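Novice:
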Amino acid sequence: MFKKENFKKDSAVLRRFLPYIMPYKKKLILAVISMAVVSALTGALAYIVKPLINNIFITKSYTELILIPLLVILIFVVKNIFYYAEFYYIGSVGQSIIMRLRDEAYSAIVKFPVAKLNKLPTGVLIARITYDINIIQRTVSDSVSALMKDVLTIIVLLAVVIYMDFQLAVAVLVLFPVVILPVTLLGKKARKTSADTQNEMGSITKFLDETVSNLRTVKAYNMEEFEISRFKKLSDNLYRFFMRMTKIRGLTVPFVELIGGISVAVIIFIGGLQVIKFGYTPGSFFSFLTAILLLYEPVKSLSRLNNSLQEGIAAGTRIFSILDEIPETQGGKLSMPSEIQSLEINGLYFSYDKYKDENKESLHFDLKNINIKINKGEIVAVVGYSGTGKTTLSMLIPRFYEPDAGEIKINGINIKEFNLKELRGSVSYVSQNVVLFNETIRFNIEYGSRNKTLGDIISAAKSAFAHDFITSLPNGYDTIVDEAGLRLSGGEKQRILIARAFLKNSPILILDEATSSLDGDSEKKIQEALFGSEENRAWLCKDKIVLLIAHRLSTVKHASVIYAFEKGEISESGTHEELIKRGGLYKSLLARQNE
Numbered sequence: 000m001f002k003k004e005n006f007k008k009d010s011a012v013l014r015r016f017l018p019y020i021m022p023y024k025k026k027l028i029l030a031v032i033s034m035a036v037v038s039a040l041t042g043a044l045a046y047i048v049k050p051l052i053n054n055i056f057i058t059k060s061y062t063e064l065i066l067i068p069l070l071v072i073l074i075f076v077v078k079n080i081f082y083y084a085e086f087y088y089i090g091s092v093g094q095s096i097i098m099r100l101r102d103e104a105y106s107a108i109v110k111f112p113v114a115k116l117n118k119l120p121t122g123v124l125i126a127r128i129t130y131d132i133n134i135i136q137r138t139v140s141d142s143v144s145a146l147m148k149d150v151l152t153i154i155v156l157l158a159v160v161i162y163m164d165f166q167l168a169v170a171v172l173v174l175f176p177v178v179i180l181p182v183t184l185l186g187k188k189a190r191k192t193s194a195d196t197q198n199e200m201g202s203i204t205k206f207l208d209e210t211v212s213n214l215r216t217v218k219a220y221n222m223e224e225f226e227i228s229r230f231k232k233l234s235d236n237l238y239r240f241f242m243r244m245t246k247i248r249g250l251t252v253p254f255v256e257l258i259g260g261i262s263v264a265v266i267i268f269i270g271g272l273q274v275i276k277f278g279y280t281p282g283s284f285f286s287f288l289t290a291i292l293l294l295y296e297p298v299k300s301l302s303r304l305n306n307s308l309q310e311g312i313a314a315g316t317r318i319f320s321i322l323d324e325i326p327e328t329q330g331g332k333l334s335m336p337s338e339i340q341s342l343e344i345n346g347l348y349f350s351y352d353k354y355k356d357e358n359k360e361s362l363h364f365d366l367k368n369i370n371i372k373i374n375k376g377e378i379v380a381v382v383g384y385s386g387t388g389k390t391t392l393s394m395l396i397p398r399f400y401e402p403d404a405g406e407i408k409i410n411g412i413n414i415k416e417f418n419l420k421e422l423r424g425s426v427s428y429v430s431q432n433v434v435l436f437n438e439t440i441r442f443n444i445e446y447g448s449r450n451k452t453l454g455d456i457i458s459a460a461k462s463a464f465a466h467d468f469i470t471s472l473p474n475g476y477d478t479i480v481d482e483a484g485l486r487l488s489g490g491e492k493q494r495i496l497i498a499r500a501f502l503k504n505s506p507i508l509i510l511d512e513a514t515s516s517l518d519g520d521s522e523k524k525i526q527e528a529l530f531g532s533e534e535n536r537a538w539l540c541k542d543k544i545v546l547l548i549a550h551r552l553s554t555v556k557h558a559s560v561i562y563a564f565e566k567g568e569i570s571e572s573g574t575h576e577e578l579i580k581r582g583g584l585y586k587s588l589l590a591r592q593n594e
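Counting in numbering that gives the first Met the number 0, the sequence shown tops out at residue 594, every number present.
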């Protein structure tokens, strides 16, 4: 049953493709001209059957015997030239549209707020840019071809049919509307099945992303067979959806062919009757029959269009939902100060609950009443058991998340007033989660600092004690790091990230478990590079605002002030010696680590 609301939604999705099509209107005009020529020549082929039968096979004209075959060859040559032109222009337009959609979808995903990214599985986002875009690509190609070439061909052939025999044409065309209702119903089923298939494709992509990147864990726990069985279940579900779609597509064409066969049978009966009883010439009859048979292919193509269109609308809805997402705010209008003197956190409260449930009224705060001040040249450490909010605090400074109350200030100004890109450009962030790109080591070190020279990169690597192991690799700084850095040890990967921070040399430095993956010797070297020694004052931390988050308390003794977190609150603060004397949480943490 036709629903006005669904029609409006479908029309709205289709209208959104127009801005992507209009820039290529010149190519579309050339494609339409080429299609018109192809359609006209197709009609000419049907019409030429009449003199072919009457003048050659009945009147036996030698002149026609020579001219008509030559004319047929000429028609096919010209037709195929314009067919290539039509195919090229439509293909060019289609690929350009898809490229733009793909680029915009990726750009939108990259600009998502971190909170939004955490809600959408990586596999689902990958499926949007791959599977959904491929469906749209097929829909665009099918739709443009069907709506232009096939419609033009049908119009030309119908004109030929009606011109030859109006009454016989009406008798045949009465059968065509019978096709519309079943094809429409099949199209609705195709759309629902397509949406289910796309969801399942997202699930399987998410599963692959998780398991393939964690194969070491899978093997360590002997879970290969378990993961294979999980994948088989997802694969079976996807198979069922694909088979359902295959059945729907398979039913559409046979139904149209059945209607076509009935039409041909009616033509043969009525046309044959006219030839036998009313003097209708065989040439006229076969010319009419040829036109009807030539109508079959474009009509069949149009019947498939509805299924393709429904799939494309479902995929388009999902892609446009990504494009419609509000991108991450770019912050205020103020530029970052040339000299950053202080970082203050005043009365800060933060909860993840609002990102999990937007309608939740009562929030459980993960951070409560946090007050910290770091001046230029100071190192402040935050310690505590896991889950006490240490990393969460570090995520708030570059505004990956927003506090629920309180504020974070730089030079006494709320960081919301600063341009977001400039704010993040002023922060070097070394996370405990080591992520390297499947690129060269040079690329990974200079990431975010693209205007640096090779000399700068080598200097940063030396400062991070990474230069020696890098030069020992097959291609040195041009060695490709395998996905997730599998070619490097944990400590080597960590030193790559530290070298990146050295190269960026931002005035605010956040070290979140920056030495967690290092052995004792490497940690000692990194500590010397970060915090200096009597012989060498580390330039990385010199004259910077440093927030150090650590479980390994051997690194925090360099801090000016240490804050011990417990249940999202500051339990105590002071220097290393002061906290030891106090005998509170910090001493307990230190004692447990030394056990």
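We put the CB at the ideal spot given by N, CA and C, even for glycine.
A quick note: this is a predicted structure, and the numbers were derived from the prediction, not measured.
By the 10 Å Cβ neighbour count, where 16 or more other Cβ atoms means buried, how is serine 307 classified, buried or exposed?
Specialist: The count along the sequence shown starts at 1 and reaches residue 307 at position 308. Result: buried.
Novice: Quick one: give me the first and last residue of the alpha helix (DSSP H) that asparagine 443 is part of.
Specialist: Stepping through the sequence shown from its first residue, residue 443 is reached at position 444. Here the alpha helix (DSSP H) through asparagine 443 covers 440 to 444.
Novice: Taking serine 427 as part of the alpha helix (DSSP H), name the residues at either end of that continuous run.
Specialist: The residue labelled residue 427 in the question sits at position 428 within the sequence shown. Per DSSP, serine 427 belongs to no alpha helix (DSSP H); it is in the beta strand (DSSP E), 426 to 429.
Novice: Look at the alpha carbon of alanine 465 and the alpha carbon of serine 425, and state the distance between them as a whole number of angstroms.
Specialist: As a working mapping, residue 465 is identified with position 466 in the sequence shown. As a working mapping, residue 425 is identified with position 426 in the sequence shown. Distance between the alpha carbons of alanine 465 and serine 425 is about 24 Å.
Novice: In angstroms with no decimal places, state the Cα-to-Cα distance between lysine 420 and glycine 447.
Specialist: Taking the first residue of the sequence shown as 1, we reach residue 420 at position 421. Taking the first residue of the sequence shown as 1, we reach residue 447 at position 448. Whole-angstrom Cα-Cα distance: 11 Å.
Novice: Assuming glutamate 512 and histidine 557 make a contact with CB atoms under 8 Å, what is their CB distance in whole Å?
Specialist: Locating residue 512 in the sequence shown gives position 513, where the first residue counts as 1. Locating residue 557 in the sequence shown gives position 558, where the first residue counts as 1. That pair is no contact at about 15 Å.
Novice: Taking the C-alpha atoms as reference points, what is the distance between leucine 546 and threonine 574?
Specialist: For the purposes of this step, residue 546 is identified with residue 547 of the sequence shown, where counting begins at 1. For the purposes of this step, residue 574 is identified with residue 575 of the sequence shown, where counting begins at 1. Going from the Cα of leucine 546 to the Cα of threonine 574 covers about 15 Å.
Novice: Taking 8 Å as the cut-off, decide whether the C-beta atoms of alanine 126 and threonine 204 are in contact.
Specialist: Position 127 of the sequence shown, counted from the start, is the residue given in the question as residue 126. Position 205 of the sequence shown, counted from the start, is the residue given in the question as residue 204. In this structure, threonine 204 lies closer than 8 Å to alanine 126 by Cβ.
Novice: For alanine 537, which of helix, strand or coil comes out of DSSP?
Specialist: Working through the sequence shown from its first residue, we reach residue 537 at position 538. In this prediction, alanine 537 has a pLDDT of 49, which is less than 50 and means its spatial position is unreliable; what the coordinates show is noted afterwards. Here alanine 537 sits in coil by DSSP.
Novice: For methionine 200 and methionine 244, what's the separation of their Cα atoms in angstroms?
Specialist: Taking the sequence shown and counting its residues from 1, the one referred to as residue 200 is at position 201. Taking the sequence shown and counting its residues from 1, the one referred to as residue 244 is at position 245. Cα to Cα, methionine 200 sits roughly 14 Å from methionine 244.
Novice: Please go through the stretch 83 to 116 and give each complete beta strand (DSSP E) segment of 3 or more residues, from N-terminal end onward.
Specialist: Segments of the beta strand (DSSP E) lying fully in the stretch 83 to 116: there are none.
Novice: Determine the burial state of serine 471: buried for a count of at least 16 other Cβ atoms within 10 Å of its Cβ, exposed for fewer.
Specialist: Here residue 471 refers to the residue found at position 472 of the sequence shown. It is exposed - the Cβ of serine 471 has fewer than 16 other Cβ atoms within 10 Å.
Novice: Once the 5 residues before and after leucine 29 are set aside, which same chain residues still bring their CB inside 6 Å of it?
Specialist: On the sequence shown, position 30 is the one that residue 29 refers to. Tyr88, listed in sequence order.
Novice: Have a look at glutamate 571 and glycine 489 and give me their C-alpha separation to the nearest angstrom.
Specialist: In the sequence shown, residue 571 corresponds to position 572, counting from 1. In the sequence shown, residue 489 corresponds to position 490, counting from 1. If I take the Cα positions, the gap works out to 33 Å.
Novice: Using DSSP with H/G/I as helix, E/B as strand and the rest coil, what is glutamate 343?
Specialist: Translated into positions along the sequence shown, residue 343 becomes position 344. Reduced to three states, the DSSP call for glutamate 343 is strand.
Novice: Excluding five sequence neighbours on each side, which residues of the same chain lie with their C-beta closer than 8 Å to the C-beta of asparagine 370?
Specialist: Here residue 370 refers to the residue found at position 371 when the sequence shown is read from its first residue. Once the five neighbours on either side are set aside, the close Cβ partners of asparagine 370 are Ile344, Asn345, Gly346, Leu347 and Ile569.
Novice: Report yes or no: do three or more beta-carbon pairs, one from the stretch 321 to 336 and one from the stretch 101 to 121, lie closer than 8 Å?
Specialist: Result yes; three or more Cβ-Cβ pairs closer than 8 Å.
Novice: Nearest to glycine 330 by CA position, among Val123, Asp131 and Lys415, is which residue?
Specialist: Here the question's residue 330 lines up with position 331 in the sequence shown. When only C-alpha atoms are compared, the closest one is Lys415.
Novice: Check the DSSP bridge columns for isoleucine 407 and list the partner residues they point to.
Specialist: Here the question's residue 407 lines up with position 408 in the sequence shown. Answer is Ile344.
Novice: Would the stretch 431 to 439 and the stretch 447 to 458 be scored as touching if the rule is three or more Cβ pairs under 8 Å?
Specialist: No, because fewer than three Cβ pairs between the stretch 431 to 439 and the stretch 447 to 458 fall closer than 8 Å, the two stretches do not touch.
Novice: Is it buried or exposed, proline 68, if we count other Cβ atoms within 10 angstroms and call 16 or more buried?
Specialist: On the sequence shown, position 69 is the one that residue 68 refers to. Per the 10 Å Cβ criterion, exposed.
Novice: Going by CA-CA distance only, name the one from Ser337, Leu207 and Asp352 that's closest to asparagine 117.
Specialist: The sequence position of residue 117 within the sequence shown is 118, counting from 1. Checking every option, the nearest Cα to that of asparagine 117 belongs to Asp352.
Novice: Select from Leu119, Asn418 and Asp542 the residue whose C-alpha is nearest the C-alpha of arginine 317.
Specialist: On the sequence shown, position 318 is the one that residue 317 refers to. Among Leu119, Asn418 and Asp542, the Cα nearest to that of arginine 317 belongs to Leu119.
Novice: Report yes if the CB atom of tyrosine 19 is closer than 8 Å to the CB atom of leucine 70, and no otherwise.
Specialist: Start at 1 with the first residue of the sequence shown, and residue 19 comes out as number 20. Start at 1 with the first residue of the sequence shown, and residue 70 comes out as number 71. Not in contact: tyrosine 19 and leucine 70 (Cβ atoms no closer than 8 Å).
Novice: Hey, how far is the Cα of glycine 582 from the Cα of arginine 591?
Specialist: In the sequence shown, residue 582 corresponds to position 583, counting from 1. In the sequence shown, residue 591 corresponds to position 592, counting from 1. Those two C-alpha atoms are separated by around 13 Å.
Novice: Look at the Cβ atom of threonine 196, then the Cβ atom of valine 48, and state whether they are nearer than 8 Å.
Specialist: Along the sequence shown, one-based indexing puts residue 196 at 197. Along the sequence shown, one-based indexing puts residue 48 at 49. Result no, Cβ atoms of threonine 196 and valine 48 do not sit closer than 8 Å.
Novice: Could you check what DSSP says for lysine 232 in three-state terms: helix, strand or coil?
Specialist: Counting from one through the sequence shown, the residue named residue 232 turns up at place 233. Looking at lysine 232 - three-state DSSP - the assignment turns out to be helix.
Novice: Between lysine 78 and the rest of its own chain, which residues show a CB-CB distance below 6 Å, the 5 nearest in sequence each way excluded?
Specialist: Position 79 of the sequence shown, counted from the first residue, corresponds to residue 78. Same-chain partners within the cutoff: Val37 and Leu40.
Novice: Would you kindly report the start and end of the unbroken beta strand (DSSP E) that includes aspartate 511?
Specialist: If you number the sequence shown from 1, residue 511 lands on position 512. It spans 507 to 511 - the beta strand (DSSP E) in which aspartate 511 sits, taken as one unbroken run.
Novice: How is leucine 546 classed by DSSP in three states: helix, strand or coil?
Specialist: Position 547 of the sequence shown, counting from 1, holds the residue named residue 546. Of the three classes helix, strand and coil, the one that applies to leucine 546 here is strand, per DSSP.
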